[in-house]
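J.: Before anything else, here's the structure in question.
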Amino acid sequence: MSSSPLSKKRRVSGSEPPTGSNRAAVPSVPPASPSATPANGMAKNGGEAEIDEGLYSRQLYVLGHEAMKRMQTAAVLVSGLRGLGVEVAKNLVLGGVKAVTLHDPQPAAWADLASQFYLREEDVGRGRAEATLPRLAELNSYVAVSSTSQPLCEELLASFQVVVLTNSPLEEQLWVGDFCHSRGIKLVVADTRGLFGQLFCDFGDDMVVTDTNGEQPLSAMVSMVTKGCPGEVTCLDEARHGFESGDFVTFAEVEGMEELNRCGPVEIRVLGPYTFSIGDTSGFGDYERGGVVTQVKMPKHVAFKRLRDSLAQPALTVTDFGKAERPEALHRGWQALHAFLRRHGRPPRPRHQGEAAEVLALARELFPGAELQEELLRELALQAAGDLAPVNAFIGGLAAQEVMKACSGKFMPVTQWLYFDALECLPEENRDTLLTEETCRPRNSRYDGQIAVFGADLQAKLGAQKYFVVGAGAIGCELLKNFALVGLSCGAGGQLTVADMDTVEKSNLNRQFLFRPWDVTKLKAERAAAAARAMNPALRVSSRAERVGPDTERLYDDDFFEGLDGVANALDNVDARLYVDRRCVYYRKPLLESGTLGTKGNVQVVIPFLSEAYSSSQDPPEKAIPICTLKNFPNAIEHTLQWARDEFEGLFKQPAENVNQYLTDPRFVERTLRLAGTQPLEVLEALHRSLVSERPRAWPDCVAWACRHWHAQYRNNIRQLLHNFPPGQKTNSGTLFWSGPKRCPHPLVFDPDNPLHLDYVVAAANLYAQSYGIEGSRERAAVAELLRRVRVPDFTPKAGVRIHVSDQELQSASAAVDDGRLEELKAALPSPEELPGFRMFPVEFEKDDDTNFHMDFIVAASNLRAENYDIAPADRHKSKLIAGKIIPAIATTTAAVVGLACLELYKLVQGHRRLSSYKNSFLNLALPFVGFSEPVACPRNKYYEVEWTLWDRFEVQGLQPDGQEMTLRQFLAYFKKEHRLEITMLSQGVSMLYSFFMPAAKLRERHDQPMTEIVARVSKKKLGRHVKALVFELCCNDDTDADIEVPYVRYTIR
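Be aware that the sequence shown starts at 5, since it is given in this note's numbering, and climbs by one per residue.
Quick look at the structure:
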């Protein structure tokens, strides 16, 4: 992690003050009234803009620079600042549009606090927009945030590129829709009513979408192209091409049929996983070899109807295919609801049957003869006064993403209506008894919007919950916001714990919205807990900075987990997720698991005794790049970047670690000599280089080393490779060796005046110097002068050097180790006593600090190798994504995903027992797609007549009534007597405690030992006092001596 929030900034045009400057900027939206002034004094986006890559880095990998530039010219009006409006505005400010103007002249009320996270209790009575403004403005100083109390009018609307209406009456929507459509202003209408949501988009008569899905363009290597009409293209069978009929592609590097290289994008028709047809190639030259085919994103034109016309003839997007018939019914129901609002000036009262009946009657009047789903519309009316933070988070995330699409032309917009409901959250049984006009009436409480839907009893249950949030990143921040708003752990007996070991970095601020610039370098968990408590002072939240893992089970012990009601994961890696999942299964606690990847997201709910666990199914492992491809035969920039990362570790980290071990561990050489294959020779030679032959004494030595290493990698090794495999060489089958995926390289010639060559030397020399504690230099001219004095030894390719062509050949090759050379190296190494006080400094790769030379080295090393092999280079931005394994992220997806996760929380707290009530969710906001599925039931196993699942176990009390602990003999006898099971093997973790093939003497010794004593002896670890129980795994035979699968054992010792 970078200790300072430094960042590289990509200049778009002009010159602007850095973040935090006191210079007042020109307001980016013409003031609609004297009050419409930017609250943060800043308006840096727009024509005079720069993209702050330190802030927007993760979002840039979702949207790209061009889409970001277009967003930075867009002024957006958000009208309606209740929970939904503030969610949309928050996501837009984080996203970095040019300006956001808030419009809501209404005063804040107690009920607004149910989901309006930027209103405080002391704000009740103040104008919503005015009270919200300063807190929204803090999110991003690059966005001019202002407010206006002026009534909506054409003059005001004309100033904006996009208008968002929330909590807006239908009459207002209609005239605003007419005006915006006629003026080319894009319109988004969003509304939520309890567990229901609505979204509408009108982006004009002809919106151009530049990229419909956000996926990286596919490419494949060509092995054959036929002459004909149409011509057929065959790709190498290493991997499927992945194209679809209707895609457009371009060709490059085709030999023989060179006309293809000069063609513009051509449409294809897929014939098979490795073949497709193109246009007429009959007049082209004969195909000889080679070629790369690449998908081209073609612009798509989308036409929208204005709201008035679309209301009558709606185009509906389905969000849940299990409820495909509901959108049409809700479209009618919402219009009936607007008719009620127009008549009474307010929504129907919570659970008021008479007013719900009136809404139904209005629906029959508006749509005579139409088939109305009356129970659905009745439920819409009964909870129309409801205001739920999770539903606002979901619809607000979608709505903000639609605004970004409108501004940037990136991703496919919603066409045109989207309806959503989550009625599964309501009680499974006795709904009409539990939810009455009395139980759901307003109580002048901040939770009134939630009580209107679920009643007061659930509110009390939510307040008493003890929950654990693991991680305080983007998902963690959204979880804490929602938990504070719904009142989780805000009552008597409640406790919310958030754990995260990391500190806040600048790149977090773009989506981890609880943090501010002044939080950078502070503990995430601590700052997130404080921010959530500010949203609801009743929140009983504590923070912990210790990682959740096997090494902290003394802290997160049995007492801690047993006291929880549930766990919510907000983690960014699979191993940590699997660990928390295992803990939840062991302690039988529900788990809310969610994750995002750019515009994609998912939610999985794990319910004890009902569903499978997170770890029950896993994604296939990522396909690794073959070693020989990396070492000698790269054909894509991903290969050269991975090679550069391996170079970094092998030059600046591993050698320093080995040297320090050699100096401090007397048995290091002895252990090294026991390593397999050629590893002992490789390690000792690296030690010799680090301590003797290539040890620098001063900065000029580091520059000389970097220069010689450049020659070794980009000239000499390539010359050796070409000596072994000359360009015209053919294989036994008569095909050219350098063909297909093997690109024929060429050696480079070093030039100190070439900026890329100098980049490499400056970065490599500084990193090498760092590893020895030598002071480096950034003076490029001085480095170039030193280079002119460096003597590089001549190189002649050698005969007899073995270069492996495939990983199979590499694995089957016998590794002959030269024992004489090993002894020679051992003798040549200085002893640790000869190097008193000397140590090296391993360099840990850190991608986000642009001052540390790490990415400078990666980019230069990768692009030089790409030049060797005629592979298109990658800029720093793309290189950081691939080499740094960065997960693209955007606030809109996070908000929507966590909204869906918190809807599952309502079900867990109520204790829903039907698996069909729960929903796992999958979404891709780019498409847009939202899908739901029932969680998978936990698989059922059986031994004898006993059914069991992953949630079951044998409970064994280790302490006997006489106070003595059970011995191994007693443990085995217990299972024989109580369960008719003969244990054949017994283990604890990686320790084998008993097996039927154990030597008789060892068995006699262990038979009468207490179980904990055996565990301590075999594992060579003392049991901590925090350990209440041990987990044993069993292999058993039944009465017929057949192997059977059984649950694990929880062996309680305290």
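Ideal Cβ placement from N, Cα and C applies to all residues, glycine included.
Is it right to say Ser925 is buried, meaning 16 or more other beta carbons lie within 10 angstroms of its own, or is it exposed?
T.: The residue you call residue 925 lines up with position 921 of the sequence shown. Answer is buried; the Cβ neighbour count reaches 16.
J.: Taking the beta strand (DSSP E) that Phe424 falls in, what are its first and last residues?
T.: As a first step, residue 424 must be located in the sequence shown, where it is residue number 420. From DSSP, the beta strand (DSSP E) with Phe424 extends over Trp421 to Asp425.
J.: From the DSSP secondary-structure annotation, give me the bridge partner or partners of Met211.
T.: If you number the sequence shown from 1, residue 211 lands on position 207. Met211 is bridged to Val306.
J.: Buried or exposed for Lys923, going by 16 or more other Cβ atoms inside 10 Å?
T.: Taking the first residue of the sequence shown as position 1, residue 923 is located at position 919. Burial call: buried.
J.: Applying the criterion that 16 or more other CB atoms from any shown protein chain within 10 Å of the CB defines a buried residue, is Pro840 buried or exposed?
T.: Locating residue 840 in the sequence shown gives position 836, counting from the first residue. Counting Cβ neighbours within 10 Å, Pro840 comes out exposed, since fewer than 16 surround it.
J.: Quick one: residues in its chain with C-beta nearer than 7 Å to the C-beta of Ser995, no 5 flanking neighbours on either side, listed in chain order?
T.: By one-based count along the sequence shown, residue 995 stands at place 991. Same-chain partners within the cutoff: Val1019, Val1022 and Ser1023.
J.: Enumerate in chain order the residues of its own chain whose CB-to-CB distance from Trp742 is below 8 Å, with the five nearest sequence positions on each side excluded.
T.: Here residue 742 refers to the residue found at position 738 of the sequence shown. Same-chain partners within the cutoff: Phe729, Pro731, Gln733 and Cys748.
J.: Quick check on Val97: does DSSP put it in helix, strand or coil?
T.: Reading the sequence shown from its first residue, position 93 is the one you call residue 97. If DSSP states are grouped into helix, strand and coil, Val97 belongs with the helices.
J.: Asp926 lies in the beta strand (DSSP E); which residues open and close that run?
T.: The residue you call residue 926 lines up with position 922 of the sequence shown. As written in the sequence, residue 926 is Phe, which differs from the Asp given in the question. Its beta strand (DSSP E) spans residues Asn924 to Asn928.
J.: Taking three-plus beta-carbon pairs below 8 Å as touching, is the stretch 552 to 560 in contact with the stretch 528 to 538?
T.: no
J.: Compare the C-alpha of Glu263 against each of Gly400, Val363, Leu976 and Val229 and name the closest.
T.: As a working note, residue 263 is residue 259 in the sequence shown. Comparing Cα-Cα distances from Glu263 to each of Gly400, Val363, Leu976 and Val229, the minimum goes to Val229.
J.: Am I right that Ile82 and Val92 are in contact with their C-beta atoms under 8 Å? What's the rounded C-beta distance?
T.: In the sequence shown, the residue the question calls residue 82 occupies position 78. In the sequence shown, the residue the question calls residue 92 occupies position 88. It is worth fixing the name first, because residue 82 is Val in this sequence and not Ile. That belief holds up - the Cβ atoms of Val82 and Val92 are roughly 6 Å apart, short of 8 Å.
J.: List the endpoints of the continuous beta strand (DSSP E) containing His881.
T.: Sequence index remark: in the sequence shown, residue 881 carries index 877 (1-based). Unbroken run through His881 is the alpha helix (DSSP H), Arg880 to Ala887; no beta strand (DSSP E).
J.: Measure the CB-CB distance between Leu667 and Phe845 and report whether it falls below 8 Å.
T.: What you label residue 667 is simply residue 663 of the sequence shown in a count that begins at 1. What you label residue 845 is simply residue 841 of the sequence shown in a count that begins at 1. Taking 8 Å as the Cβ cut-off, Leu667 and Phe845 do not qualify as a contacting pair.
J.: Cβ atoms of Glu125 and Ser151: under 8 Å apart, would you say?
T.: Position 147 of the sequence shown, counted from the start, is the residue given in the question as residue 151. Position 121 of the sequence shown, counted from the start, is the residue given in the question as residue 125. The answer is no: Cβ separation not under 8 Å.
J.: Between the C-alpha atoms of Val116 and Ala388, what's the straight-line distance to the nearest angstrom?
T.: Position 112 of the sequence shown, counted from the start, is the residue given in the question as residue 116. Position 384 of the sequence shown, counted from the start, is the residue given in the question as residue 388. Note that residue 116 is Asp in the sequence shown here, rather than Val. Cα-Cα distance, rounded: 14 Å.
J.: What is the DSSP secondary structure of Ser153, counted as helix, strand or coil?
T.: Indexing the sequence shown from 1 puts residue 153 at position 149. Of the three classes helix, strand and coil, the one that applies to Ser153 here is coil, per DSSP.
J.: With burial defined as no fewer than 16 other Cβ atoms inside 10 Å of the residue's Cβ, what is the status of Thr855: buried or exposed?
T.: Start at 1 with the first residue of the sequence shown, and residue 855 comes out as number 851. Only exposed fits Thr855, as fewer than 16 other CB atoms lie within 10 angstroms of its CB.
J.: Roughly how many angstroms lie between the CA atoms of Asn265 and Val607, to the nearest whole one?
T.: For the purposes of this step, residue 265 is taken as the residue at position 261 of the sequence shown. For the purposes of this step, residue 607 is taken as the residue at position 603 of the sequence shown. Straight-line Cα distance between these residues: approximately 45 Å.
J.: Tell me the DSSP secondary structure of Trp952 in three-state form.
T.: As a position in the sequence shown, residue 952 is number 948, starting the count at 1. In this structure, Trp952 counts as strand in the three-state DSSP scheme.
J.: Are there 16 or more other CB atoms within 10 angstroms of the CB of Gly358, so buried, or fewer, so exposed?
T.: Translated into the one-based positions of the sequence shown, residue 358 becomes position 354. Per the 10 Å Cβ criterion, exposed.
J.: Flag this pair as touching only if the stretch 410 to 430 and the stretch 478 to 497 have three or more C-beta atom pairs under 8 Å; answer yes or no.
T.: No contact exists between the stretch 410 to 430 and the stretch 478 to 497.
J.: In three-state DSSP terms, what is Leu1038?
T.: On the sequence shown, residue 1038 is found 1034 positions in, with the first residue counted as 1. Residue state, collapsed to three classes: strand.
J.: What does the alpha-carbon distance come out to for the pair Lys48 and Leu380?
T.: Here residue 48 refers to the residue found at position 44 when the sequence shown is read from its first residue. Here residue 380 refers to the residue found at position 376 when the sequence shown is read from its first residue. Any reading at Lys48 is ruled out, since the residue's pLDDT is 49, under 50, leaving its predicted position unreliable.
J.: Can you tell me whether DSSP reads Leu1127 as helix, strand or coil?
T.: Outside the modelled stretch of the chain, which goes from 5 to 1058, sits residue 1127, for which no answer is possible.
J.: What span of residues does the alpha helix (DSSP H) with Leu677 cover, start to end?
T.: As a working note, residue 677 is residue 673 in the sequence shown. Counting along the chain, the alpha helix (DSSP H) containing Leu677 begins and ends at Phe672 to Leu677.
J.: Does DSSP put Glu827 in a helix, a strand or coil?
T.: Counting from 1 along the sequence shown, the entry for residue 827 is found at position 823. In this structure, Glu827 counts as helix in the three-state DSSP scheme.
J.: Relative to the alpha-carbon of Tyr60, which residue among Ala895, Tyr560 and Glu1049 has its alpha-carbon at the smallest distance?
T.: Here the question's residue 60 lines up with position 56 in the sequence shown. It is Ala895.
J.: Give the DSSP bridge partners of Thr855, in chain order.
T.: For the purposes of this step, residue 855 is taken as the residue at position 851 of the sequence shown. As DSSP reads the structure, Thr855 sits in no beta bridge.
J.: What do you get for Thr739, buried or exposed, if any count of 16 or more other CB atoms within 10 angstroms of its CB means buried?
T.: Residue 739 sits at position 735 when you count from the first residue of the sequence shown. Exposed: under 16 other Cβ atoms inside 10 Å.
J.: Under the assumption that Lys231 contacts Phe288 (Cβ atoms under 8 Å), give the Cβ distance between them as a whole number of angstroms.
T.: In the sequence shown, the residue the question calls residue 231 occupies position 227. In the sequence shown, the residue the question calls residue 288 occupies position 284. With 8 Å as the limit, Lys231 and Phe288 qualify as a contact, their Cβ atoms being about 6 Å apart.
J.: Go through its chain and collect everything with a Cβ distance to Ala71's Cβ below 6 Å, but skip five positions before and after it.
T.: Position 67 of the sequence shown, counted from the start, is the residue given in the question as residue 71. Close CB contacts of Ala71 within its chain, under the 6 Å cut and outside five residues either way in sequence, are with Ser412 and Lys414 (chain order).
J.: Classify Cys157: buried if its beta carbon has 16 or more other beta carbons within 10 angstroms, exposed otherwise.
T.: Along the sequence shown, read from residue 1 onward, the residue named residue 157 stands at position 153. Under this definition Cys157 is an exposed residue.
J.: Within the continuous alpha helix (DSSP H) that includes Lys481, where are the two ends?
T.: Mapped onto the sequence shown, residue 481 falls at position 477. Per the sequence shown, the amino acid found at residue 481 is Cys instead of Lys. Start and end: Ala478 to Val490.
J.: For Leu614, which option in Val940, Val270, Met1002 and Leu929 has the closest C-alpha, if you only look at C-alpha atoms?
T.: Locating residue 614 in the sequence shown gives position 610, where the first residue counts as 1. The candidate whose alpha carbon is nearest that of Leu614 is Val940.
J.: With distances taken from CA atoms, which of Arg447, Ala374, Asp452 and Ala404 is nearest Gly390?
T.: Position 386 of the sequence shown holds residue 390. When each option's Cα is compared against that of Gly390, the closest is Asp452.
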